[in-house]
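J.:
In the working numbering, the protein residues as written are 220 to 324.
(1) My output table needs one value for residue 242: the three-state DSSP class, helix, strand or coil.
(2) Identify, in the order they occur along the chain, each residue of the same chain with its Cβ nearer than 8 Å to the Cβ of residue 323, setting aside the five sequence neighbours on each side.
(3) Buried or exposed, going by whether 16 or more other CB atoms sit within 10 Å of the CB of residue 307?
(4) Is it true that the CB of residue 225 sits closer than 8 Å to the CB of residue 312?
(5) If you draw a straight line from the alpha carbon of residue 269 to that of residue 293, how long is it in whole angstroms?
(6) Could you check how far apart the C-beta atoms of residue 296 and residue 232 are, in whole angstroms? I think they sit under 8 Å.
(7) What separation, rounded to the nearest whole angstrom, lies between the Cα atoms of residue 222 and residue 304?
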């Protein structure tokens, strides 16, 4: 799994993840991501254009989201006190960032 970038947004309590993600095979991206972050997958939801997984990181409840039409992926928390968890997870993702990713890499 390779990522193009990660970006924290404190106002939105989210961690934006840019990567080459196939909506139809989201689990092939999301499962290794959850493992790399040492998160447990608690719930999986999906619809016509969106995936949403509930993750648990050491007791913190996080949402992993992917929207097809916007090609946007992010992890969010609903608790402002847990933004530091997102900061820590962003640091874990830094080694996975590469330049010039493509669908065939």
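Virtual Cβ for every residue (Gly too), placed ideally from N, Cα, C.
T.: Looking at the coordinates:
(1) Here the question's residue 242 lines up with position 23 in the chain shown. Helix at residue 242.
(2) As a position in the chain shown, residue 323 is number 104, starting the count at 1. Here the model assigns residue 323 a pLDDT of 38, short of 50, so the residue's position is not dependable, and the following value carries that caveat. If you ignore the 5 residues before and after residue 323, its C-beta comes within less than 8 Å of no other C-beta in its own chain.
(3) By one-based count along the chain shown, residue 307 stands at place 88. The residue in question, residue 307, is exposed, as its Cβ has fewer than 16 Cβ neighbours within 10 Å.
(4) Mapped onto the chain shown, residue 312 falls at position 93. Mapped onto the chain shown, residue 225 falls at position 6. In contact: residue 312 and residue 225 (Cβ atoms closer than 8 Å).
(5) Locating residue 269 in the chain shown gives position 50, where the first residue counts as 1. Locating residue 293 in the chain shown gives position 74, where the first residue counts as 1. Each residue's alpha carbon lies about 12 Å from the other.
(6) Within the chain shown, numbered from 1, the residue matching residue 296 stands at position 77. Within the chain shown, numbered from 1, the residue matching residue 232 stands at position 13. The Cβ separation is near 5 Å, so the contact holds.
(7) Here residue 222 is taken as the residue at index 3 of the chain shown, counted from 1. Here residue 304 is taken as the residue at index 85 of the chain shown, counted from 1. Cα-Cα distance, rounded: 19 Å.
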